[in-house]
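Visitor:
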Amino acid sequence: MKNTHFLFIAPGVDPAAAFPGWRLAQIEGAQAKTTKAFYSQIAEALDFPDYFGHNLDSLDELLNDLQWIKEDKIVLFIQDSAAWLSAEKSDDKLTTLIDLLEATAEDWKWLDEDEENDLAKKELRILFEDSPRIRTLLEEQEIPFGVVG
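With the numbering used here, letter number 6 in the sequence shown gets 123, and the count goes up by one each step, no holes.
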């Protein structure tokens, strides 16, 4: 589990119990069928500052900051992941978001707290309710994933 940022949670496993001490930010996939709805949900789940621009660049900027969150470990839990961004015309936006999440989690992994960047190091994991759609997408992108529970 330590070598991957993306995880699927087994049915019946409580994500809060699986990640004790982590900040659990939940996204309801059935309520985030569009990119616009996802931006609103992630802004609320991670308490984004008011200046969040509800676009990809702003999401990237804030995910690479996260200094307003006191916990060092954050898990972004996407419930009903089969429905997540399902109203988009293609999987391109989903693929772009997955790539951004992977790059961000990887950047946090390699952040050197001794650098002069004033950022406290964070650990980011992305947790999905299992769905063939997301599994297939991760496999096609050659993104490793694990299973919790």
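C-beta: ideal position from N, C-alpha, C; glycine also.
None of these values were measured; they are calculated from a predicted model.
By the DSSP assignment, the beta strand (DSSP E) with glutamate 246 in it spans what residues?
Guide: Locating residue 246 in the sequence shown gives position 129, where the first residue counts as 1. 240-246 is the span of the beta strand (DSSP E), which, as asked, contains glutamate 246.
Visitor: Put isoleucine 195 into one of helix, strand or coil per three-state DSSP.
Guide: What you label residue 195 is simply residue 78 of the sequence shown in a count that begins at 1. Note: isoleucine 195 maps to strand in three-state DSSP.
Visitor: Along the chain, where does the beta strand (DSSP E) that runs through glutamate 145 open and close?
Guide: Taking the sequence shown and counting its residues from 1, one reaches residue 145 at position 28. Unbroken beta strand (DSSP E) run through glutamate 145: 140-145.
Visitor: Go through its chain and collect everything with a Cβ distance to alanine 127's Cβ below 8 angstroms, but skip five positions before and after it.
Guide: Here the question's residue 127 lines up with position 10 in the sequence shown. Answer for alanine 127: Asp247, Val264, Val265, Gly266, listed in chain order.
Visitor: Closer than 8 angstroms is the cut-off here; do at least three beta carbon pairs connect the region 121-136 with the region 182-198?
Guide: The answer is yes - the region 182-198 touches the region 121-136, with three or more Cβ pairs under 8 angstroms.
Visitor: Given a threshold of 16 other Cβ atoms within 10 Å of its Cβ, counted over all protein chains shown, does tryptophan 225 qualify as buried or as exposed?
Guide: Here residue 225 is taken as the residue at index 108 of the sequence shown, counted from 1. Classification for tryptophan 225: buried.
Visitor: Which stretch, first to last residue, makes up the beta strand (DSSP E) that contains isoleucine 126?
Guide: Within the sequence shown, residue 126 is the residue found at index 9, counting from 1. Element bounds for isoleucine 126: 123-126.
Visitor: DSSP three-state call for lysine 206: helix, strand or coil?
Guide: Numbered from 1 along the sequence shown, position 89 holds the residue referred to as residue 206. Lysine 206 falls in the coil class under three-state DSSP.
Visitor: Report yes if the C-beta distance between isoleucine 186 and leucine 163 is below 8 angstroms; otherwise report no.
Guide: Taking the first residue of the sequence shown as position 1, residue 186 is located at position 69. Taking the first residue of the sequence shown as position 1, residue 163 is located at position 46. Result yes, Cβ atoms of isoleucine 186 and leucine 163 sit closer than 8 angstroms.
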